[in-house]
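Note that the protein sequences, when read in sequence, are chains A and B. Residues in the first sequence are numbered from 628 upward in steps of one, following the working numbering. Residues in the second sequence are numbered from 89 upward in steps of one, following the working numbering. Backbone N, C-alpha and C define an ideal beta-carbon position, used for all residues, glycine too. Quick notes on the structure that follows.
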Amino acid sequence: MRMRRSWMRATLAAGFIGGLTLHLAGQAPQPATTTKTRNPFAGDSKAVTDGAVLFRQECMFCHGVAARGGMRGPDLTTGSWNHGGADSDLFETISHGIPGTAMPANKLTEDEIWQVVTYLRTLQQPPTAATGDRSRGETLFFASGRCSSCHIVNGRGGRLGPELSTVGSARSRAYLIESIRDAGRQLTPNRAFGDTIALKYDTVTAVTSDGRTIVGVPMNEDTFTVQLMDTSERIYSFEKSSLTSLKHEDRSLMPSYDASRLNNNDLDDVVAFLQSLRAVSAAPKKDGSHENH
Amino acid sequence: MKTTDALPLVLWLTASTASAQVSTDRLVNAAREPQQWLMYSGAYDGSRFSPLDQINRTNVQQLALQWVFQTGVRGSHETTPLVIDGMLYMTTPQNHAYAIDVRTGRPLWHYERNLPKEMSLCCGPQNRGLAALGDRLFLGTLDAHMVALDAKTGRVRWDVAAADADKGYSFTGAPLVVKDKVVIGVAGGEYGIRGFIDAYDAESGKRAWRFYTIPGEGERGVETWKGDSWKRGGAPTWVTGAFDPELNTIYWHRQPRTTDVRRQPAWRQPLF
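Below, the structure written as structure tokens:
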């Protein structure tokens, strides 16, 4: 923590100096030209403040208070970007959104977008040295840890839980640890808005008229029907009128892995593996699929 | 519920406990499951004929709308959906794919692809459908990739670049699963491609073989092509073929050599 604060101070100091130099040279930062390739406010401390205000207004709801990840949006401080980390990539992402995801286009002016980018750059964490053994963690993930029975990484794994192929860019180390040790605690790290708005788990239990109980995750639902996948990954479609009962619960189907199930050493290794799962390059993510809820 | 509803319900309940796996056996014997549509042409003989007769000329006027599913994608949909064990799998223009519950019309997953802004497509960003094997579906994309999707969740299992979309190659047709391979033909005859048929290993996505429909250097017939025009001779293969399991032979259509819209035609002979 001490290291982080002084790093931030150094960055801000550099920003001040950079800003000062620009002014001395008689060139105030200009609004972006149409090429949008480089942040014209880079190092401008006022832009950092303006960007922080804008972030709080426009982005915090999904990305969390300190951009550490929230309702739906990933952690923006990891230094790893799923859709490219160059200035032009961030501009594009904020401006146009990411089709096929919850990231919308934003009606901000060019200046405002660059201010947000400037603010985000001040939040970047230095790359944390992994404390665990990444490749041992990978073995644990796919074998004895049985994580892959519910989670897909790079095309391999099961279907019940979310895909983790780029989770290292999306979630902080602390969140990953909590998600393993205390799996059902919170779905996304943004309870600041209270339970009415925060995203919830949704485990469904259906009891049919012939007495079968099916527990699973809902794939879609309307007033009259519900489609589920059970814990054996079998898919059902029910008319609600044919069921004896249908119950929704805010609980996760993932078991918690306490120290007796996964000791601290193994946990470190698995988390090191998860942290290594980042978007491959600055190229925009090719495609995506999502369930309908 | 009317009695006419009960029969499909019984069939569906039976289907829901059956495995959602599409085995090679089921594909070869697709004719035994007329209530499914296991591949683009229905069965390996490519006849595209359904023997179902519950709906016929005496009762067709009683058909009533059950559900509507709107894809939200604009443009003509040239897809033929697959219907397998109570689920309908379809594609749309721009390489979207959906899994839809046949009973209710509710989508269970939606696959989307970020396509390049510029692609060489003569006739629209079309896709003619998926192929199925095991618990996977296979899609050929407009930017000349082959993709394997998990049938239950739509998640990508593998995604391989098959050809260079910048050189005019694209996939618009439905693949054909043959044994443990996924066979696909290419589009782009108007853009000076060298046509081919590809086969990919269904499990790994590795290309097993490529059959060019225009001879290359040193191959029989290349002498009929002026200079190096064989490199851009066309002969695309996007119509989904047929397979005879007893003869272990694939039958595939090749478009005639097509004029590269940018160049003058030269005298030439395609391979077959």
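In summary, the residues of the segment 180-208 of chain B whose CB is separated from some CB of chain A by less than 7 angstroms are D189, R191, T192, R194, P195, L196, W197, H198, Y199, E200, R201 and N202, in the order they occur in the chain. A buried status is given to I281 (chain B), since no fewer than 16 other beta-carbon atoms sit within 10 Å of its beta-carbon.
From the listed residues B:A219, B:L230, B:L209 and B:I302, the smallest Cα separation to R201 (chain B) is found for B:L230.
Under the DSSP assignment, D895 (chain A) falls in the alpha helix (DSSP H) whose first and last residues are N891 to Q902. Among the residues of the segment 834-854 of chain A, those with a Cβ less than 7 angstroms away from any Cβ of chain B are M846, N847, D849, T852 and Q854, in the order of the chain. L767 (chain A) and F718 (chain A) have their alpha carbons spaced roughly 38 angstroms apart. Under the three-pair Cβ rule at 8 angstroms, the segment 741-749 of chain A counts as touching the segment 666-684 of chain A. The contact set of M881 (chain A) on chain B, defined by CB atoms closer than 8 angstroms, is empty, because the minimum CB distance reaches about 16 angstroms. Residue B:G193 holds the alpha-carbon nearest to the alpha-carbon of E866 (chain A) among B:G315, B:G193, B:S208 and B:P263.
In summary, the residues of the segment 860-875 of chain A whose CB is separated from some CB of chain B by less than 7 angstroms are E860, I862, Y863 and S864, in the order they occur in the chain. D332 (chain B) and G785 (chain A) have their C-alpha atoms spaced approximately 35 angstroms apart.
In terms of beta-carbon proximity, G222 (chain B) stays away from the interface with chain A, with every pair separated by 8 angstroms or more. Here the C-alpha atom of L151 (chain B) lies approximately 22 angstroms from the C-alpha atom of F851 (chain A). Straight-line measurement puts the Cα of D113 (chain B) at about 20 angstroms from the Cα of L176 (chain B).
For G811 (chain A) against R878 (chain A), the beta-carbon gap comes to about 6 angstroms, under 8 angstroms, which counts as contact. Each residue's CA atom was taken as its position, placing R191 (chain B) and I779 (chain A) some 28 angstroms apart. Between A249 (chain B) and T260 (chain B), the CB-CB gap reaches or exceeds 8 angstroms. Closest in alpha carbon position to G242 (chain B), among B:N183, B:V327 and B:V161, is B:N183. Contact check between the segment 297-314 of chain B and the segment 135-154 of chain B: fewer than three CB pairs, one atom from each, fall below 8 angstroms, which does not count as touching. Distance between E848 (chain A) and G724 (chain A), taken at the CA atoms: about 27 angstroms. In the DSSP assignment, P195 (chain B) forms a beta bridge with B:I188. Closest by C-alpha distance to D829 (chain A), out of A:M687, A:V842 and A:S836, is A:V842.
Taken through DSSP and simplified to helix, strand or coil, D113 (chain B) comes out as helix. If the five residues before and after E805 (chain A) are omitted, its C-beta is found closer than 7 angstroms to the C-beta atoms of R812, all from its own chain and listed in chain order. Burial of N709 (chain A) is indicated by the presence of at least 16 other C-beta atoms within 10 angstroms of its C-beta. In the DSSP assignment, F299 (chain B) falls within the beta strand (DSSP E) that extends over R295 to Y300. At a beta-carbon threshold of 8 angstroms, none of the residues of chain A lie near K294 (chain B); the nearest stands roughly 13 angstroms away.
Taking the beta carbon of R905 (chain A) as reference, no residue of chain B falls within 7 angstroms; the closest one sits roughly 17 angstroms away. Taken atom to atom, the span from the alpha-carbon of G795 (chain A) to that of P181 (chain B) is near 33 angstroms.
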